[in-house]
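Enquirer:
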Amino acid sequence: MKVTINDDCISCGLCAEICPEVFEMPDEGIAIVKVEVVPAWLEDKVKEACESCPTESIVIE
Ligand code: SF4
767 MKVTINDDCI SCGLCAEICP EVFEMPDEGI AIVKVEVVPA WLEDKVKEAC ESCPTESIVI
827 E
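Take 767 as the starting number for the sequence shown in our numbering and just add one per residue.
1. Kindly examine ligand 1 and report whether one of its heavy atoms sits closer than 7 Å to the Cβ of THR821.
2. Please list, in chain order, all residues of the same chain as CYS819 whose beta carbon is under 7 Å from its beta carbon, the five residues on each side excluded.
3. Classify VAL776 as helix, strand or coil using the three-state DSSP reduction.
4. Spell out the partners DSSP gives VAL769 in its beta bridges.
5. Is the beta carbon of GLY779 within less than 7 Å of some heavy atom of ligand 1?
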């Protein structure tokens, strides 16, 4: 699984709260993805973050 964040992100920080292993909220700008490929054991948390994102900015491939 690969995950990216698109420009609709409003920097709410929710994804980084749900799955800090994968998402990080910098002091400025939109959330970033810290890993190139999501490890299998984190896929459920990434899906949860994706479903929780208020702007549907998390794109799973
Ligand atoms: S949950 Fe969505 S809107 Fe909020 S910081 Fe993460 S990607 Fe951005």
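For every residue, glycine included, the Cβ atom is placed at its ideal position computed from N, Cα and C.
Expert: Put simply:
1. Sequence index remark: in the sequence shown, residue 821 carries index 55 (1-based). Within the cutoff, so yes.
2. If you number the sequence shown from 1, residue 819 lands on position 53. Within the same chain, and ignoring the five residues on either side of CYS819 in sequence, the residues whose Cβ sits closer than 7 Å to its Cβ are LEU780 and CYS781.
3. Here residue 776 refers to the residue found at position 10 of the sequence shown. According to the sequence provided, residue 776 is Ile. The question's Val does not apply to it. The answer is coil: DSSP assigns ILE776 none of H, G, I, E or B.
4. For the purposes of this step, residue 769 is taken as residue 3 along the sequence shown, with counting starting at 1. In DSSP, VAL769 forms a bridge with ILE826.
5. For this step, residue 779 is matched to residue 13 along the sequence shown. At least one heavy atom of ligand 1 is found less than 7 Å from the C-beta of GLY779.
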